[in-house]
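Read the structure below first, then the notes.
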Amino acid sequence: MLHLWMPEANGVWLWSRGETWTPASSLDQLIQDIQLDKGEEAVVYFPSREVQILQQRLNKAQYKQLGVDGVKYLLEEYVILPIDMMKVFSHFQQPDQVYVMGVSQHAVTTMQHALTLIPVKVVALLPDFLLLPVPEADQVVLANIAGRLLLREQEYLGNSIDDLAVDLEHVKPELKYHYHGLTDAQFECLSAVSTAEQRSSFDYQFVELKRAKTHAYNVLPKQKNNSERKVGYWKACAVLLITILVAQFSYDLLRWVKLKKNADQTAEIALTQYKSWFGANSRSSEQTLKNDFEGNLRLSQSANTQALQLLSRIGPILMQQQIIANRVSYEANVLNMDLVGKSSDALQSLVKQLNQQGFKAELGNVQTQGATVVGMVKIQ
Numbered sequence: 070m071l072h073l074w075m076p077e078a079n080g081v082w083l084w085s086r087g088e089t090w091t092p093a094s095s096l097d098q099l100i101q102d103i104q105l106d107k108g109e110e111a112v113v114y115f116p117s118r119e120v121q122i123l124q125q126r127l128n129k130a131q132y133k134q135l136g137v138d139g140v141k142y143l144l145e146e147y148v149i150l151p152i153d154m155m156k157v158f159s160h161f162q163q164p165d166q167v168y169v170m171g172v173s174q175h176a177v178t179t180m181q182h183a184l185t186l187i188p189v190k191v192v193a194l195l196p197d198f199l200l201l202p203v204p205e206a207d208q209v210v211l212a213n214i215a216g217r218l219l220l221r222e223q224e225y226l227g228n229s230i231d232d233l234a235v236d237l238e239h240v241k242p243e244l245k246y247h248y249h250g251l252t253d254a255q256f257e258c259l260s261a262v263s264t265a266e267q268r269s270s271f272d273y274q275f276v277e278l279k280r281a282k283t284h285a286y287n288v289l290p291k292q293k294n295n296s297e298r299k300v301g302y303w304k305a306c307a308v309l310l311i312t313i314l315v316a317q318f319s320y321d322l323l324r325w326v327k328l329k330k331n332a333d334q335t336a337e338i339a340l341t342q343y344k345s346w347f348g349a350n351s352r353s354s355e356q357t358l359k360n361d362f363e364g365n366l367r368l369s370q371s372a373n374t375q376a377l378q379l380l381s382r383i384g385p386i387l388m389q390q391q392i393i394a395n396r397v398s399y400e401a402n403v404l405n406m407d408l409v410g411k412s413s414d415a416l417q418s419l420v421k422q423l424n425q426q427g428f429k430a431e432l433g434n435v436q437t438q439g440a441t442v443v444g445m446v447k448i449q
């Protein structure tokens, strides 16, 4: 992977393929030097002086409770720009350390525009103090690399330095210094604030940063890859399909309930109408009377087919007069029936009609039962 180190203003660019840093006097010179890496992925480091980093002591629960907006405003009193004009990034480190980094949105946009001229695919844009090794506990790493002075106090805390004497005043006096490549003047500044026991030198060697793309301080806008976009597309399709199916099932269910309700209402209306025509006792129809009487005749040894013939002739008249037979018996060639009518006049009218049609009908005792009357009729 290619690594680029941006200069301040119109300074010298540095580039590396993972070993030593090679200078390029200008942007045009850099483009010529990296022709072999055209289209390759690149990690770019920008001057750390562009960022402001705050270290805050918070536990995990407090960090989550603050949320993205709350963490952003922790930085507000330490920066000159309005917080809404800055991009803010944060990282929680166990057990109770939170690092908040802010950078001007304008600065990020300017750097992105400059990088579009370089024929590489930029995957990460990081502050350059991350080029230094991570210091050990109670240690500060200080290095002059190709004329650029960097300081790293912790894994997520560091800076690029203009005035070393001023910056060293803010470092805890008990810390140890691990340094590389300092000029004589820079070493004198370091010696003024530390003892020989606190200082140790090392040979700097560039080491590629692991997981640069996903680093907490990568200021590039997060971009989803094609596979993630496809997954998101199919998820959206699945959600849409499920929504359509649920809507269709809901519509079908509501329609079925409505149709069933209409069918039940229709059946109830039909039953009510039937009862209004033929009375509450549905067994008093011609066919049911005939069926019941046939059963009784089969149980009676003295029964004969004359009873059936007689009943088949009387049944339609009963239906016409809307009179119900509660009890039917046939003995000694006489058909005895307990008939329920609206009034005694209705029963007398029935008897009269039967006599006119050639029957010998006789109305017996008539009793009132609520809104109806019950009378015994003998027919031959």
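According to my numbering, the stretch in the sequence shown is residues 70 to 449, in order. Every residue gets a Cβ at the ideal spot worked out from N, C-alpha and C, and that includes glycine. Just so you know, these numbers come straight off a predicted model, no measurement behind them.
Check, Outcome
"What's the C-alpha gap between Met154 and Ser173?", "6 Å"
"Is Val443 helix, strand or coil by DSSP?", "strand"
"Counting only runs of 3+ residues fully inside the stretch 242-317, write out the beta strand (DSSP E) ranges in chain order.", "245-249 and 268-270"
"Quick one: any contact between the stretch 159-167 and the stretch 118-131, if contact means 3 or more CB pairs under 8 Å?", "yes"
"Going by DSSP, name the residue or residues bridged to Thr437.", "Val442"
"Please give the ranges of any alpha helix (DSSP H) in the stretch 91-173, keeping only runs that are unbroken, at least 4 residues long and fully inside the region.", "96-102 and 129-143"
"Among residues of its own chain, excluding the 5 on either side of Gly444, which ones have a beta-carbon nearer than 8 Å to its beta-carbon?", "Asp407, Leu408, Gly410, Ser413, Leu416, Leu432, Gly433, Asn434, Val435 and Gln436"
"Buried or exposed, going by whether 16 or more other CB atoms sit within 10 Å of the CB of Gly227?", "buried"
"Using the beta-carbon count (16 or more within 10 Å), is Phe198 buried or exposed?", "buried"
"Is His72 closer than 9 Å to Val112 when the C-beta atoms are compared?", "yes"
"Does the stretch 175-193 come close enough to the stretch 271-287 to have 3 or more Cβ pairs within less than 8 Å?", "yes"
"Taking DSSP as the reference, what is the three-state secondary structure of Met75?", "coil"
"Name the two residues that bound the continuous beta strand (DSSP E) containing Gln223.", "Arg217 to Gln223"
"Mind checking which residues open and close the beta strand (DSSP E) that includes Met406?", "Val403 to Gly410"
"Identify which residue in Ile448, Leu328 and Asp207 has its Cα closest to the Cα of Ile386.", "Ile448"
"Hey, quick one: how far does the alpha helix (DSSP H) through Leu387 stretch, first residue to last?", "Thr374 to Gln390"
"Is the beta carbon of Ala183 sitting closer than 9 Å to the one on Leu96?", "yes"
"Taking one C-beta from the stretch 417-425 and one from the stretch 396-407 each time, how about it: are there three or more such pairs within less than 8 Å?", "no"
"Please report the straight-line C-alpha distance between Asp253 and Pro188, rounded to a whole angstrom.", "39 Å"
"Please report the straight-line C-alpha distance between Leu233 and Thr89, rounded to a whole angstrom.", "25 Å"
"Out of Glu224, Ser159 and Met70, which one is the CA nearest neighbour of Leu105?", "Met70"
"Nearest-angstrom Cα distance between Leu211 and Tyr248?", "5 Å"
"Can the beta-carbon of Leu220 be found closer than 9 Å to that of Val235?", "no"
"Between Glu238 and Tyr273, what straight-line distance do the alpha-carbon atoms span, to the nearest angstrom?", "24 Å"
"According to DSSP, simplified to helix, strand and coil, what is Arg324?", "helix"
"Residues in its own chain within less than 8 Å of Ser269 by CB, not counting five upstream and five downstream?", "Lys245, Tyr246, His247 and Tyr248"
"Rounding to the nearest angstrom, what Cα-Cα distance links Ala332 and Val308 in this structure?", "36 Å"
"Rank Gln438, Glu224 and Gly171 by C-alpha distance to the C-alpha of Ala206 and give the top, closest one.", "Glu224"
"What is the DSSP secondary structure of Lys190, counted as helix, strand or coil?", "strand"
"Could you tell me the distance, in whole angstroms, from the CA atom of Val203 to the CA atom of Met180?", "26 Å"
"Go to Gln451, then tell me how far its alpha helix (DSSP H) extends in each direction, as first and last residue.", "The first residue shown for the chain is 70 and the last is 449, placing residue 451 beyond what the model contains."
"Between which two residues does the beta strand (DSSP E) holding Leu83 run?", "Trp82 to Ser85"
"Name the DSSP bridge partner or partners of Glu400?", "Val403"
"Straight-line CA distance for Pro116 to Ile214?", "13 Å"
"What residue from Leu379, Val137 and Pro242 has the CA that sits closest to Ala261's CA?", "Pro242"
"Suppose you measure from the CA of Thr13 to the CA of Phe271; what does that come to, to the nearest Å?", "As shown, the chain starts at 70 and ends at 449. That puts residue 13 outside it, with no answer to give."
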